[in-house]
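Enquirer:
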Amino acid sequence: MTRNRELGRGERVIPGLWRLRLPLPWPGVPHGNAWAIAAGSGIVLIDTGMHEPGSLAQLERALDQVNLRLEHVRLLAITHAHSDHWGQAAPIVQRSGCELWMHPRHEHAVADAGDPGARLARRLEVGRQSGVPHAALEAYAERAKDAPSGIVQVIAPDRALVPGVEIETDLGVWSVHETPGHAPSHVCLFQPERRLLISGDHVLGRISLYYDYGWTPDPVGEFLTSLDRADELDARLALSGHGKPFVDVHGHIEANRELVAERLEATVTALGAGARNAMEVAPEIYGEPLRSGNAAWLLAQTLCYLRHLELEGRVRSEPDGDAERWSAQP
Ligand SMILES: [Zn+2]
Ligand SMILES: [Zn+2]
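Using the numbering used here, the first residue of the sequence shown is number -16, and each one after it goes up by one.
#1: Hey, would you say S168 sits closer than 9 Å to G224, going by beta carbons?
#2: Take every Cβ of the segment 123 to 140, pair it with every Cβ of the segment 63 to 71, and state whether three or more of those distances are shorter than 8 Å.
#3: Could you spell out where the beta strand (DSSP E) holding W280 opens and where it closes?
#4: If contacts are defined as beta-carbon pairs under 8 Å, then L210 and I190 qualify, I think. What distance do you get, rounded to the angstrom?
#5: Please list, in chain order, all residues of the same chain as L273 whose beta carbon is under 8 Å from its beta carbon, the five residues on each side excluded.
#6: Could you give the residue range of the beta strand (DSSP E) that holds H14?
#7: Residues in the same chain with beta-carbon distance under 7 Å from V56, minus the five sequence neighbours each way, listed in chain order, please.
#8: Measuring alpha carbon to alpha carbon, tell me which residue in L286, A72, R111 and A17 is nearest V93.
#9: Would the C-beta of H63 count as close to ligand 1, meaning under 8 Å from any of its heavy atoms?
#10: Report all residues from its chain with a CB closer than 7 Å to the CB of K128; omit the five preceding and five following residues, and keep chain order.
#11: In this structure, does DSSP put G270 in helix, strand or coil?
#12: Here's the rule: buried if 16 or more other CB atoms are within 10 angstroms of the residue's CB, otherwise exposed. What is P36?
#13: Are L172 and V159 closer than 9 Å when you measure CB to CB?
#14: From which residue to which residue does the beta strand (DSSP E) around S300 run?
#15: Can you tell me whether M(-16) is helix, strand or coil according to DSSP?
#16: Measuring only from the beta carbon, is G11 closer than 8 Å to any heavy atom that is part of ligand 2?
#17: Roughly how many angstroms separate the alpha carbons of G197 and N50, rounded to a whole number?
#18: Does DSSP classify I236 as helix, strand or coil?
#19: Let me see if you follow: with CB-CB separation under 9 Å, is L292 close to chain D or not?
#20: Taking 8 Å as the cut-off, is the CB of H165 close to at least one heavy atom of ligand 1?
This is the structure:
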């Protein structure tokens, strides 16, 4: 699909903090954010944008618009190890000589970036578990086998970005808060005096839910716990991984809780007529048919809801050939 590409753009949010809006190749998600924070003679950079042809130039373009350069980066910290947030870490570290800090639970990303075959195999397994017919899986495998990872090169972090670690900037010290659910490696960064929250993809301005499936037992449950954790911080302004900065952080967190509850109820309702597989359930949860473009995403999300409900004792799974069927528990 050909479309007009966005360009990298930089803008000041408050003195000493800049939003770097970077283009993404995904339909419906045209750009993502990195954040630059003044720190002594340079900046702390939070997140990197995704790697694809020309993407480093887009980051440099955004920096240039606010009179910054890659060479100014003193520290690179990552909210979570999805390609659109850390894909360009390697060249940034090489160019600036900075350290890279990231949460240790990034094995999902390392596995994906280092072995595209394994990534595809995991997606196909989601399809099989969901009841997708063999022919459709083969067609998907053919289409997806050469999909780029969005990551230049896997590099190991210099330091684990975990609670207790502090990031010093001209705006004050930022604390680290583990917020898994969207990704096992997700952290939010908080500046308490100014009540600023760098929320990554944990809390977005436009409510949209995504969980990494297959790395932890209950991504939905983790996400809900992480919402409570973010809520307790009582932030005044959220700087999220996509979209504009937003206020009413509590309201956005509450809207996330409501949407999760809605999806869980829709899942149970879809099982009312008897045992079904994820492929049969997903269109009812989301109110749209499965297509080649959305199936991998929606099936993985549906399995996350089903696993959560299973742990709550509200649904039960039973094997059905390669797939699983789910039924509601009285
Ligand atoms: Zn993400
Ligand atoms: Zn993202």
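All C-beta atoms in this analysis are idealised placements derived from N, C-alpha and C, irrespective of residue type, glycine included.
Expert: This is what the structure gives:
#1: S168 is not a Cβ neighbour of G224, given a cutoff of 9 Å.
#2: Verdict: yes, contact present.
#3: Element bounds for W280: not the beta strand (DSSP E) but the alpha helix (DSSP H), A278 to L294.
#4: Taking C-beta atoms under 8 Å as the contact rule, L210 and I190 fail to qualify, at a distance of about 11 Å.
#5: M262, A265, P266, L281 and L282.
#6: Here the beta strand (DSSP E) through H14 covers V12 to A22.
#7: Around V56: G25, I26, L28, I75, S79 and C81.
#8: Among L286, A72, R111 and A17, the Cα nearest to that of V93 belongs to A72.
#9: Taking non-hydrogen atoms of ligand 1 into account, the C-beta of H63 is found less than 8 Å away from one of them.
#10: For K128, where only same-chain residues beyond five positions count, the Cβ hits under 7 Å are L103.
#11: DSSP places G270 in coil when its eight states are reduced to three.
#12: That one is exposed.
#13: Yes, they are a contact pair.
#14: Looking at the DSSP string, the run of the beta strand (DSSP E) that includes S300 is V298 to D303.
#15: With a pLDDT of only 41 at M(-16), under 50, the local geometry of the prediction cannot be trusted, and no value is derived from it.
#16: G11: no, Cβ never under 8 Å from ligand 2.
#17: G197 and N50: Cα-Cα distance of roughly 42 Å.
#18: The DSSP-derived three-state label of I236 is helix.
#19: Any reference to chain D falls outside this structure, which holds one protein chain only.
#20: Answer for H165: yes, Cβ within range of ligand 1.
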